[in-house]
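A.B. asks:
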Amino acid sequence: MKKLVICLLFLCLCYSFASAGLLDKDKFEFNGYVKTETSFRIDGSANTTLDKFKNFIDLAGQYKISGDELVFFLHARYWYDFAYGLNDKLDPAQYYMQHVQRTDWLRDCYLDFIKDRWFLRLGKQQVVWGQADGIAILDRVNPFDLTEYWLPDAPDIRIPLWMANINYSPKLNSNIQLLIIPDFEQSTAAPPPAPFAFRSYKLYEDFKKFWIGPPKPGHPFTGALNQNIYYPDDPIKIGFQWKDKISGWDYTLNYLYGYDYLARTYLDSTVVQILPRQPPKITRNYGRRFKIDQLVGGSLNHTFTREGPLKGVTLRADAAVYINEPTYYGNAATGESAGVNRWNNIFWLMGLDRFFFTKYLASFQFAQYIMEHDDGGVFNPSTKRPYDTLNTYTNGAQDKLENIFSLKISSHYMNDKLLPEVLWSFTDDNQGRISPKINYEVNDNLWLTLGYHYFYGDPRDSNGEFRNENQLYLNVKYTF
Amino acid sequence: MKKLVLLLVGIALLAGYAYGADLEYFQVYAPKDGMSADEIMQVEYFVKYTKFLRDVEFYGKAYLIDKSGATRERGTLRQRITLGRKSDNVAYKDLNMFTSPAQVKGMATLSWTYLDPKRQQDIWIWLPSLKKIRKVSTASSDDSFMGSDFSVEDILTRRFEDETYTLVGQENFKGYTSKFDNKTYYQGTPSFVIECKSKRSPWYYSKRVLWVDKKTGGGFYEEKYDPNGKKFMTLFKNFVVYNVNGKEFPMQTIIEGEDLRTGHRSVIINSDIKIDKGLLEEKFSEGTLSQQRW
Chain A
108 MKKLVICLLF
118 LCLCYSFASA
128 GLLDKDKFEF
138 NGYVKTETSF
148 RIDGSANTTL
158 DKFKNFIDLA
168 GQYKISGDEL
178 VFFLHARYWY
188 DFAYGLNDKL
198 DPAQYYMQHV
208 QRTDWLRDCY
218 LDFIKDRWFL
228 RLGKQQVVWG
238 QADGIAILDR
248 VNPFDLTEYW
258 LPDAPDIRIP
268 LWMANINYSP
278 KLNSNIQLLI
288 IPDFEQSTAA
298 PPPAPFAFRS
308 YKLYEDFKKF
318 WIGPPKPGHP
328 FTGALNQNIY
338 YPDDPIKIGF
348 QWKDKISGWD
358 YTLNYLYGYD
368 YLARTYLDST
378 VVQILPRQPP
388 KITRNYGRRF
398 KIDQLVGGSL
408 NHTFTREGPL
418 KGVTLRADAA
428 VYINEPTYYG
438 NAATGESAGV
448 NRWNNIFWLM
458 GLDRFFFTKY
468 LASFQFAQYI
478 MEHDDGGVFN
488 PSTKRPYDTL
498 NTYTNGAQDK
508 LENIFSLKIS
518 SHYMNDKLLP
528 EVLWSFTDDN
538 QGRISPKINY
548 EVNDNLWLTL
558 GYHYFYGDPR
568 DSNGEFRNEN
578 QLYLNVKYTF
Chain B
150 MKKLVLLLVG
160 IALLAGYAYG
170 ADLEYFQVYA
180 PKDGMSADEI
190 MQVEYFVKYT
200 KFLRDVEFYG
210 KAYLIDKSGA
220 TRERGTLRQR
230 ITLGRKSDNV
240 AYKDLNMFTS
250 PAQVKGMATL
260 SWTYLDPKRQ
270 QDIWIWLPSL
280 KKIRKVSTAS
290 SDDSFMGSDF
300 SVEDILTRRF
310 EDETYTLVGQ
320 ENFKGYTSKF
330 DNKTYYQGTP
340 SFVIECKSKR
350 SPWYYSKRVL
360 WVDKKTGGGF
370 YEEKYDPNGK
380 KFMTLFKNFV
390 VYNVNGKEFP
400 MQTIIEGEDL
410 RTGHRSVIIN
420 SDIKIDKGLL
430 EEKFSEGTLS
440 QQRW
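Respectively, the protein sequence lines represent chains A and B. Residue numbers for the first sequence follow my numbering, so the first one is 108 and each next one is one higher. Residue numbers for the second sequence follow my numbering, so the first one is 150 and each next one is one higher.
#1: Are Q538 (chain A) and D506 (chain A) closer than 8 angstroms when you measure CB to CB?
#2: Would you say K267 (chain B) reaches chain A, if we count a Cβ-Cβ gap shorter than 8 angstroms as a contact?
#3: According to the neighbour-count rule (16 or more other Cβ atoms, all chains shown, within 10 Å of its Cβ), is E435 (chain B) buried or exposed?
#4: Can you confirm whether the segment 247-262 of chain A touches the segment 460-473 of chain A when touching is taken to mean that 3 or more C-beta pairs between the two stretches lie within less than 8 angstroms?
#5: Can you tell which of B:T402, B:G427, B:Y241 has the C-alpha that lies nearest to the C-alpha of Y208 (chain B)?
#6: What's the call for E320 (chain B), buried or exposed, on a 16-neighbour Cβ count within 10 Å?
#7: Consult DSSP for I189 (chain B) and reduce its assignment to one of helix, strand or coil.
#8: Using the C-alpha atoms, what's the distance from F573 (chain A) back to P566 (chain A)?
#9: Name the one or two DSSP bridge partners that N252 (chain A) has.
#10: Indicate whether at least one CB of chain B lies closer than 8 angstroms to the CB of V248 (chain A).
#11: Would you verify that the beta carbon of Y140 (chain A) is, or is not, closer than 8 angstroms to some beta carbon of chain B?
#12: W450 (chain A) and A426 (chain A) look like a contact to me (Cβ under 8 angstroms); what is the Cβ gap, rounded to whole Å?
#13: Taking beta-carbon pairs under 7 angstroms, can you tell me which members of the segment 550-584 of chain A lie near chain B?
#14: Measuring straight from C-alpha to C-alpha, what distance separates D260 (chain A) and H480 (chain A)?
#15: For chain A, find out if any of its Cβ atoms is closer than 8 angstroms to the Cβ of G296 (chain B); answer yes or no.
#16: Is it the case that the Cβ atoms of D215 (chain A) and L181 (chain A) are separated by a distance below 8 angstroms?
#17: In terms of residues, what are the limits of the alpha helix (DSSP H) holding K316 (chain A)?
#18: Rounding to the nearest angstrom, what Cα-Cα distance links K231 (chain A) and Y217 (chain A) in this structure?
#19: Whole-angstrom Cβ separation of S415 (chain B) and L259 (chain B), contact assumed at under 8 angstroms?
#20: Counting C-beta neighbours from all protein chains within 10 Å, is the total for I345 (chain A) 16 or more, i.e. buried, or is it exposed?
#21: Go ahead and pull the three-state DSSP assignment for E372 (chain B).
#22: When we look at the beta-carbon of D246 (chain A) and count the other beta-carbons within 10 Å, is it buried (16 or more) or exposed?
#23: Report the partner residues of Y187 (chain A) according to the DSSP bridge assignment.
#24: Excluding sequence positions up to five away, which residues of its chain have a Cβ less than 6 angstroms from the Cβ of K423 (chain B)?
#25: Taking only beta carbons into account, state which residues of the segment 259-271 of chain A come closer than 7 angstroms to chain B, listed in chain order.
#26: Would the beta-carbon of L285 (chain A) fall within 8 angstroms of that of I273 (chain A)?
#27: For T313 (chain B), tell me which candidate among B:N394, B:Q440, B:K348, B:D303 has the shortest Cα-Cα distance.
#28: For E548 (chain A), go through chain B and note every residue whose CB falls closer than 8 angstroms to its CB, in chain order.
#29: Since P527 (chain A) contacts I541 (chain A) with CB under 8 angstroms, what's their CB separation in whole angstroms?
#30: Run down chain B in chain order and give the residues with a C-beta less than 7 angstroms from the C-beta of F226 (chain A).
#31: Determine the direct distance from the alpha carbon of Q348 (chain A) to that of S173 (chain A), and round the result to whole angstroms.
#32: Quick one: measure Cβ to Cβ for A200 (chain A) and P298 (chain A), integer angstroms, because I've assumed they're closer than 8 angstroms.
#33: What's the call for G165 (chain B), buried or exposed, on a 16-neighbour Cβ count within 10 Å?
#34: Between which two residues does the alpha helix (DSSP H) harbouring I264 (chain A) extend?
#35: When the Cα of T155 (chain A) is compared with those of A:T586, A:N582, A:E576, which residue comes out closest?
#36: Of the choices A:L213, A:P302, A:L468, whose alpha-carbon is the least far from that of D646 (chain A)?
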């Protein structure tokens, strides 16, 4: 907190100096905004509760140390969500959800060096790979903050890391990128009962409540539970990307090696203590571990510019193989995990974008997530059948082949003052999300956003789990 | 007979194309009395897309003004490198960025325009809201350009080959009074008056009437008429003649458009123009977009 205050003060001072002309305006640039995000949860009975009243201050500045060759960039953001003080139901999640956590206030802090064919960006930053929108196939360099599911803008979901981002362009329109990431942060999610807490987290909370404590029906022993998180001792991550163009087709080849940012839970041991004249005490020891996996993939991007039926269509594609990706298995009906497999899974996507009726842009995406096997491969001793493969976030059944679709239509009116869009994303399991949104520019500095997230589907599916948590939201943003 | 007509049309088109091909990049051309409408328009397009320059950089402001006078302002930076390169068919490359206000600051587009008039531009966009580069489809030519009153083709995509031209007269222009700065421009300027009709039909305009400065070849004023023949748009451009290394050429310093149906106006002021400063082609690549910080 102290560092954040110092940083904000520093940026404000710079802004004051710049405004007063004490700093060279050619060298120093500064911008920021204050924003309020208000949202209401609308459950299945159309009851409405305030679930977000989040207020942001965001400041960013750059200083050109030596022309455009050497530039320092700093970006800080602080937020506080008053809903966690106003809504008692949210209290258990207050500690994690009410204010910015640890060093997350520092969004960017890096030094850019640009010389001839070299581009180096050293410091805290986010790096984006791939062409997919809203689906992370290659975009796995940074961990994710999923405390609000996948609803915020992508840069607000990615958690920045300290890294060396080294780029060299051996020829025109090509680029070699090497990422050396000695930093590590785990991907985060909302704890229950925060809005958009994942089902798997809720199930674990319910399990803890059931397990811990004195004997009760169906539980004739004293239960205890320990959970340890084992952070990697040496969490270096390495990334490599080759980017080039062949006959108007942009392509990349990507490779990423290092610890997965999402910890998986393992049952390490079950200790039974027989106590004289007392019910036995059973302690379950869980360990949350991060596993090393690899990503091998690539992307394609092309706009058809020549005469023909496809003229004006932009094609995007991502494909990746996740080698040794940790994959849960267990009982999909109860949502109980029994263990973790290490599989080679495939995720690929194709997207098409095209304008129609002059001012409407349609973006369609089709993706397939292909698990290496149909089932967990390990037999469930009680059913004598193999365990189910589980969805990491819901502990519901994960199909071997998951078909995912999205369609976004966007347009503009009133000389771009009014920007409506609607996103429909869904899977072949009849579950999905429909999110209409309108942005309105009141003036150069004031922007309003009004939107709605409607979820549907089975509660064991990734969108269906929020079917009673539809959200109406209004954002007000003032920039300076 | 039909074949003969087609043959004549073909010869005429080839002649037009040959004239276009004769306009060599990096040379300065001006219209002359006695030129045909096609020849004048070849020069006009040459001037519009600054094909006489190696590179150019414009710093400026764009203003979007409601009928009520409420004004939105955008800071802009535009860079262009002219290549006219036959090996890969690239005519020129543009880099456009918003420098203000904060909400759109950092948004940048890179476009490559090809010599082949039938080939669309390649466009990449850096979206600060996604922090990623997207290759995008060329917007429809009749769509609004970045929220302004100009259409996409007014600014970016219209080519010589897209219209037919008729020289309807020569006159000393009556003058245009800008609503932005209340100054009167081009009063009494000798000009060609060209009627331009789109080869597309139906199209959002039936014709454009364009006034071309006899001295520089700059198309400085135009009126657009809807399919019913009603005037719905005026577009004014102010050209200032620059002299760089002994070469004189016109550059656009003001572009002002008004939609007569809505009363909405758009003004682009290029206040700082840097010519042939030696921009490298490497700058006009996706790499530059990915170096954006905002």
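C-beta: ideal position from N, C-alpha, C; glycine also. A quick note: this is a predicted structure, and the numbers were derived from the prediction, not measured.
C.D. replies: In this structure, then:
#1: In this structure, the beta-carbon distance from Q538 (chain A) to D506 (chain A) does not fall below 8 angstroms.
#2: So, interface residue.
#3: It is buried - the Cβ of E435 (chain B) has at least 16 other Cβ atoms within 10 Å.
#4: No, because fewer than three Cβ pairs between the segment 460-473 of chain A and the segment 247-262 of chain A fall closer than 8 angstroms, the two stretches do not touch.
#5: Minimum Cα distance to Y208 (chain B) is reached at B:T402.
#6: With fewer than 16 other beta carbons inside 10 angstroms of its own, E320 (chain B) counts as exposed.
#7: Residue state, collapsed to three classes: helix.
#8: Cα to Cα, P566 (chain A) sits roughly 7 angstroms from F573 (chain A).
#9: Correcting the residue type first, residue 252 (chain A) is Asp in the shown sequence and not Asn. A:T295, per the DSSP bridge assignment.
#10: Output row for V248 (chain A): interface = no.
#11: Using beta-carbon distances, Y140 (chain A) counts as an interface residue toward chain B, with a partner under 8 angstroms.
#12: Between the beta-carbon of W450 (chain A) and that of A426 (chain A) there is about 17 angstroms, and that puts the pair past the 8 angstroms contact cut.
#13: Answer in chain order: N550, D551, N552, W554.
#14: Rounded to whole angstroms, the separation of the alpha carbons of H480 (chain A) and D260 (chain A) is 33 angstroms.
#15: Answer yes: the Cβ-Cβ gap between G296 (chain B) and chain A drops below 8 angstroms somewhere.
#16: Taking C-beta atoms as the reference points, D215 (chain A) and L181 (chain A) count as a pair closer than 8 angstroms.
#17: Here the alpha helix (DSSP H) through K316 (chain A) covers 306-318.
#18: In this structure, the alpha-carbon of K231 (chain A) lies about 6 angstroms from that of Y217 (chain A).
#19: So it is not a contact: roughly 23 angstroms between Cβ atoms.
#20: The residue in question, I345 (chain A), is exposed, as its Cβ has fewer than 16 Cβ neighbours within 10 Å.
#21: E372 (chain B): strand per DSSP, three-state reduction.
#22: It is buried - the Cβ of D246 (chain A) has at least 16 other Cβ atoms within 10 Å.
#23: Secondary-structure assignment with DSSP links Y187 (chain A) through a beta bridge to A:N162, A:H206.
#24: So the qualifying residues of the chain are E206.
#25: For the segment 259-271 of chain A, the beta-carbon criterion of a distance under 7 angstroms to any beta-carbon of chain B is satisfied by D260, A261, P262.
#26: With a cutoff of 8 angstroms on beta-carbon distance, L285 (chain A) and I273 (chain A) are scored as near each other.
#27: Residue B:K348 is the option with its Cα nearest to T313 (chain B).
#28: R221, Q252, listed in chain order.
#29: Rounded, the Cβ-Cβ distance is 14 angstroms, inconsistent with contact.
#30: The contacting residues are G436, Q440.
#31: When the Cα atoms are used, S173 (chain A) and Q348 (chain A) turn out to be separated by approximately 28 angstroms.
#32: Right, the Cβ-Cβ distance comes to about 5 angstroms (below 8 angstroms), so this counts as a contact.
#33: At G165 (chain B), the pLDDT of 36 sits below 50, so the modelled position is not reliable; the number obtained from the coordinates is stated separately. Per the 10 Å Cβ criterion, buried.
#34: That run of the alpha helix (DSSP H) goes 261-264.
#35: Restricting attention to A:T586, A:N582, A:E576, the CA atom closest to the CA of T155 (chain A) is found in A:E576.
#36: The question about residue 646 (chain A) has no answer here: the residues shown for chain A are numbered 108 through 587.
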